[in-house]
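Scroll down for the structure; my scribbles are underneath it.
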Amino acid sequence: MLTPHKKHRNLTKRALTAVAVLAALALAGCGTESEEGENRALGAVKPAKPAKPEKPVVKGLPGMPPVLDKTDVYAADRPNKLSPVVKDFPSRVYVPNTESDTVTVIDPKTYEVIETIPVGVQPQHVVPSWDMKTLWVNNNRGHTLTPIDPKTGKAGKEVEVHDPYNLYFTPNGKYAVVMASLDRELVFRDPHTMKRLKTEPVTCYGVNHADFSLDGRYFIVSCEFSGELLKVDTEKMKVVGQQKLPFEGAMPQDVKISPDGKKFYIADMMADGMWVLDGDKFDKPKLLPTGKGCHGLYVSRDSREMYVSNRGEGTISVFDFTQDRLTKKWRLPDGGSPDMGGVSADGKVLWLSGRYDSEVYAIDTRTGVQLARIPVGNGPHGLAVYPQPGRYSLGHTGIFR
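Under this note's numbering, read the sequence shown as residues 109 to 509, first letter to last.
Written out as structure tokens, the structure is:
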């Protein structure tokens with residue numbers, strides 16, 4: 109039988125052992141959930157920040173390069189952001205003269221004509237290929253395309269293509285799309301050989317210009333001579349919507365999508381303004397007056413503004429996307445007929461053809477001041493400024509993404 113003294117000594121030893129075990133467990137479990145819970149309760153540990161939600165990815169047309177910014181389809185077009193494919197090409201302005209059957213080549217640094225290239229009958233537009241390696245001259249009444257090597261400036265052998273009024277490329281580079289205006293067809297062709305692959309007949313007259321949706325899955329087409337618009341499924345290569353513009357005698361021209369991809373703008377030379385259309389809904393558009401003979405639409409390098417050429421009055425209206433309104437109007441000295449064109453690689457100069465004046469205009473995009481007025485051939489039309497920033501070309505005089 110233990111004495112009271114021995115009992116007390118044993119209890120003390122057991123207590124010390126238990127304390128040691130608990131201490132060891134506490135050390136071994138440093139940072140365990142239970143301790144973290146205690147610390148959180150005491151305010152010793154800050155709660156973890158919630159993970160940032162991932163940006164939703166735009167489900168684009170199969171094979172299309174990924175959308176860089178779902179709020180700006182022109183994100184790849186920043187000043188002088190030239191692709192490695194084009195960065196060594198000499199900077200030139202290529203002007204198709206519809207009545208002279210030539211292409212005038214201008215050095216944009218000196219504003220001087222450096223060459224005149226003979227091409228086919230009635231060249232309408234100079235169009236950069238999807239891969240940006242070739243410039244295609246659309247010889248509308250000659251029923252050919254003339255390739256120009258932008259690295260050397262030399263023209264190649266003509267390719268037979270019927271009624272090539274204008275030329276576009278699907279965002280995945282799979283097809284060239286010929287706007288066969290008088291044939292009343294959208295002709296899908298091989299983008300390199302131009303071999304006909306599929307023909308989509310249309311009931312409207314004068315298929316003309318186009319632009320593609322943010323995801324590339326459809327495009328909107330203007331029909332100049334019947335005053336209509338088409339909506340075309342890119343992958344199916346099929347017209348899925350058609351409507352008549354709500355203006356007697358409408359003649360829609362250039363088409364351009366807003367940076368956020370929510371609206372399409374369609375220039376109308378008879379309605380003297382731009383139609384504003386929700387491309388997804390393809391409902392009734394609203395008219396925004398800009399000036400007489402509204403014709404060409406060109407987005408600034410910072411995606412903030414769009415330059416609108418008013419061919420019938422010799423002016424350029426400036427539309428602010430954020431403010432959703434026209435903010436300026438520039439008037440060409442001595443008048444003129446500003447038509448189609450493009451913006452310089454650095455974004456500082458807007459180049460436009462003078463359709464009825466056998467000249468080309470260079471305009472300062474900051475001030476609207478005319479920098480040069482250059483004589484060219486007769487009937488200058490869809491000139492191309494090249495090279496321009498971007499990853500690939502959708503066609504026309506240079507729509508880059």
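Backbone N, C-alpha and C fix where the C-beta goes; we use that ideal spot for every residue, glycine too.
Less than 9 angstroms between the C-beta atoms of residue i and residue j, yes or no?
{"i": "residue 329", "j": "residue 316", "result": "yes"}
{"i": "residue 310", "j": "residue 267", "result": "no"}
{"i": "residue 391", "j": "residue 370", "result": "no"}
{"i": "residue 226", "j": "residue 246", "result": "no"}
{"i": "residue 188", "j": "residue 470", "result": "no"}
{"i": "residue 393", "j": "residue 191", "result": "no"}
{"i": "residue 364", "j": "residue 319", "result": "yes"}
{"i": "residue 240", "j": "residue 175", "result": "no"}
{"i": "residue 340", "j": "residue 297", "result": "no"}
{"i": "residue 104", "j": "residue 368", "result": "The chain is shown from 109 up to 509; residue 104 falls before or after that span and cannot be answered."}
{"i": "residue 476", "j": "residue 410", "result": "no"}
{"i": "residue 440", "j": "residue 422", "result": "yes"}
{"i": "residue 248", "j": "residue 208", "result": "no"}
{"i": "residue 485", "j": "residue 301", "result": "no"}
{"i": "residue 238", "j": "residue 501", "result": "yes"}
Tell me, please, which residues DSSP counts as bridged to residue i.
{"i": "residue 490", "result": "233"}
{"i": "residue 333", "result": "In DSSP, residue 333 forms no bridge with anything."}
{"i": "residue 213", "result": "202, 223"}
{"i": "residue 169", "result": "Answer is none; residue 169 lacks a bridge partner."}
{"i": "residue 351", "result": "337"}
{"i": "residue 402", "result": "418"}
{"i": "residue 262", "result": "257"}
{"i": "residue 503", "result": "276"}
{"i": "residue 247", "result": "231, 252"}
{"i": "residue 461", "result": "468"}
{"i": "residue 373", "result": "364, 384"}
{"i": "residue 287", "result": "274, 294"}
{"i": "residue 178", "result": "Beta-bridge pairing links residue 178 to no other residue."}
{"i": "residue 326", "result": "341"}
{"i": "residue 445", "result": "In the DSSP output, where bridge partners are listed per residue, residue 445 has none listed."}
Here's a check: name, in chain order, each residue in its chain whose Cβ is nearer than 8 angstroms to the Cβ of residue i, leaving out the five neighbours to either side.
{"i": "residue 491", "result": "201, 202, 203, 204, 234, 448, 449, 450, 459, 460, 461, 468, 505"}
{"i": "residue 324", "result": "168, 169, 172, 278, 279, 280, 342"}
{"i": "residue 275", "result": "233, 235, 244, 246, 253, 284, 285, 286, 287, 503, 504"}
{"i": "residue 331", "result": "310, 312, 313, 314, 315, 316, 337, 338, 360"}
{"i": "residue 428", "result": "412, 413, 434, 435"}
{"i": "residue 308", "result": "293, 294, 295, 296, 340, 345, 346, 347"}
{"i": "residue 326", "result": "320, 339, 340, 341, 342, 348, 387"}
{"i": "residue 408", "result": "414, 415, 451, 455, 473"}
{"i": "residue 282", "result": "171, 299"}
{"i": "residue 351", "result": "336, 337, 390, 392"}
Among residues of its own chain, excluding the 5 on either side of residue i, which ones have a beta-carbon nearer than 6 angstroms to its beta-carbon?
{"i": "residue 221", "result": "212, 214"}
{"i": "residue 472", "result": "479"}
{"i": "residue 507", "result": "none"}
{"i": "residue 199", "result": "216"}
{"i": "residue 196", "result": "none"}
{"i": "residue 251", "result": "270"}
{"i": "residue 256", "result": "243, 263"}
Give me, in chain order, the residues of the same chain whose beta-carbon lies closer than 7 angstroms to that of residue i; leave out the 5 immediate sequence neighbours on both sides.
{"i": "residue 489", "result": "204, 206, 232, 233, 447, 448, 461, 463"}
{"i": "residue 219", "result": "470, 480, 482"}
{"i": "residue 425", "result": "398, 399, 416, 418, 434, 437"}
{"i": "residue 396", "result": "381, 382, 384"}
What do you get for residue i, buried or exposed, if any count of 16 or more other CB atoms within 10 angstroms of its CB means buried?
{"i": "residue 443", "result": "exposed"}
{"i": "residue 258", "result": "buried"}
{"i": "residue 165", "result": "exposed"}
{"i": "residue 264", "result": "exposed"}
{"i": "residue 210", "result": "buried"}
{"i": "residue 362", "result": "buried"}
{"i": "residue 230", "result": "buried"}
{"i": "residue 495", "result": "buried"}
{"i": "residue 242", "result": "buried"}
{"i": "residue 185", "result": "buried"}
{"i": "residue 465", "result": "buried"}
{"i": "residue 376", "result": "buried"}
{"i": "residue 303", "result": "exposed"}
Following a CB-centred definition, is residue i positioned closer than 8 angstroms to any heavy atom of the ligand MG?
{"i": "residue 479", "result": "By its list of ligands, the structure shown contains no ligand whatsoever, and the ligand MG lies outside what it can speak to."}
Taking 9 angstroms as the CB-CB cut-off, is residue i touching chain B?
{"i": "residue 262", "result": "Looking at the structure shown, chain B is missing, and only one protein chain is on hand."}
Does the structure place the segment 383 to 392 close enough to the segment 341 to 359 that three or more beta carbon pairs sit under 8 angstroms? Because the criterion of three Cβ pairs below 8 angstroms is met, the segment 341 to 359 and the segment 383 to 392 touch.
Are the segment 167 to 183 and the segment 396 to 404 in contact at 8 angstroms, needing three or more beta carbon pairs? no
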